[in-house]
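Undergrad: A single structure is presented below for examination.
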Amino acid sequence: MHGSSKKKHIPANGPMRCTGRGGVILVVLLAFPTLVFVAFMQSPYEEDRKPSPSPQGGIALSKIQKYNEESQKLTLPHKPYQIARQSFTEKAADAVAGLVTGKPHSIYDFKARSIDGEEVSLSKYSGKVVIIVNLASNCGYTDVNYRELQTLYSKYQKQGLTVLGFPCNQFGGQEPGSDEEIKKFAESKYHVSFPLFSKVEVNGKYAHPLFSYLKDTFGMKSIPWNFQKFVVDRNGQPVLQYPSQIDPMAMEGEILKLIG
1 MHGSSKKKHI
11 PANGPMRCTG
21 RGGVILVVLL
31 AFPTLVFVAF
41 MQSPYEEDRK
51 PSPSPQGGIA
61 LSKIQKYNEE
71 SQKLTLPHKP
81 YQIARQSFTE
91 KAADAVAGLV
101 TGKPHSIYDF
111 KARSIDGEEV
121 SLSKYSGKVV
131 IIVNLASNCG
141 YTDVNYRELQ
151 TLYSKYQKQG
161 LTVLGFPCNQ
171 FGGQEPGSDE
181 EIKKFAESKY
191 HVSFPLFSKV
201 EVNGKYAHPL
211 FSYLKDTFGM
221 KSIPWNFQKF
231 VVDRNGQPVL
241 QYPSQIDPMA
251 MEGEILKLIG
């Protein structure tokens, strides 16, 4: 028995248990305190910065997501709810700025020329729900839009709804006539009684300022076609917009909510 070396037994619950991975860590802690200190000072997410192979050989999505979460989500500069909130906060800021700098903060800050040549301040429509639309006489959407816009106007005019029609020839040259010809067409064929205005441009360098304001409000780079419909509340604030494909009567439910 004297020729063989006996292994010293250390109880499992003893203070110096060093077996397995935990033992290695403890030895390192005791033997190399400086090295451990330097390692401790490294970012706790250093491992997450290293590409972890995914089954397809790319970087594991979980690693990317974790790193993004811990680095203030730099991948997405705006959360969806922040984008939604901006429309309200920026509108409020614009309203205040408008009082100081003259920047428009409602449709009431604009003027337009009526189809009869008179200058009209849109503050005339203060307190009303307003539909603003670019018109065309020879468009595939002409018939349904003229008919249903007039229906809405006739039905809810006494409750505070008005429609402002602005002829525009920028889309397919479908409004080539003079103001006088456009007025005659609208009144004779569709018995239009809502206010009509002189022909305008809605896109480009010479766009009417009202339409530039409407586009900016909804983040639109341009108006895509004839009969783009913008709905304005009783405070002069644009709140809804509908493309050509949406018939005016489909807007009735939302109009009623605004009329109150």
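Sequential numbering from 1 applies to the sequence shown in UniProt numbering. Each residue gets a CB set at the ideal place from its N, CA and C atoms; glycine is no exception.
In the UniProt domain "Thioredoxin" (101–260), which residue ranges form an unbroken alpha helix (DSSP H) of at least 4 residues, counting only runs that do not cross its ends?
TA: 142–156, 179–190, 209–218, 252–259
Undergrad: Below 6 angstroms CB to CB, which residues in the same chain sit around Met249 once its five sequence neighbours on both sides are set aside?
TA: Glu148
Undergrad: From Ser193 to Tyr242, what distance separates their C-alpha atoms?
TA: So the two alpha carbons sit approximately 22 angstroms from each other.
Undergrad: Let me confirm a value: Tyr206 is counted as buried when at least 16 other C-beta atoms fall within 10 Å, else exposed. Which label applies?
TA: Residue environment for Tyr206: exposed (fewer than 16 other C-beta atoms within 10 angstroms of its C-beta).
Undergrad: If you draw a straight line from the alpha carbon of Val239 to that of Lys128, how long is it in whole angstroms?
TA: 13 angstroms
Undergrad: Evaluate Gln150 with the Cβ neighbour count: other Cβ atoms within 10 Å of its Cβ, from every protein chain shown; 16 or more gives buried, anything less gives exposed.
TA: Buried, by the Cβ-count rule.
Undergrad: Short of 8 angstroms in beta carbon distance, which residues of its chain neighbour Lys221, apart from the five on each side in sequence? Order them along the chain.
TA: The residues Lys215, in chain order, have a CB closer than 8 angstroms to that of Lys221 in the same chain once the five nearest residues on each side in sequence are set aside.
Undergrad: Residues in the same chain with beta-carbon distance under 7 angstroms from Leu76, minus the five sequence neighbours each way, listed in chain order, please.
TA: The predicted position of Leu76 is uncertain, since its pLDDT is 32 and thus under 50; a value taken from the coordinates is nonetheless stated next. So the list is empty, once near-sequence residues are dropped.
Undergrad: Less than 6 angstroms between C-beta atoms, sequence neighbours within five positions excluded: which residues of the same chain meet that for Leu258?
TA: These residues qualify, in order along the chain: Val129, Asp233.
Undergrad: Determine the contact status of Ile115 and Leu196, defining contact as a CB-CB distance below 8 angstroms.
TA: yes
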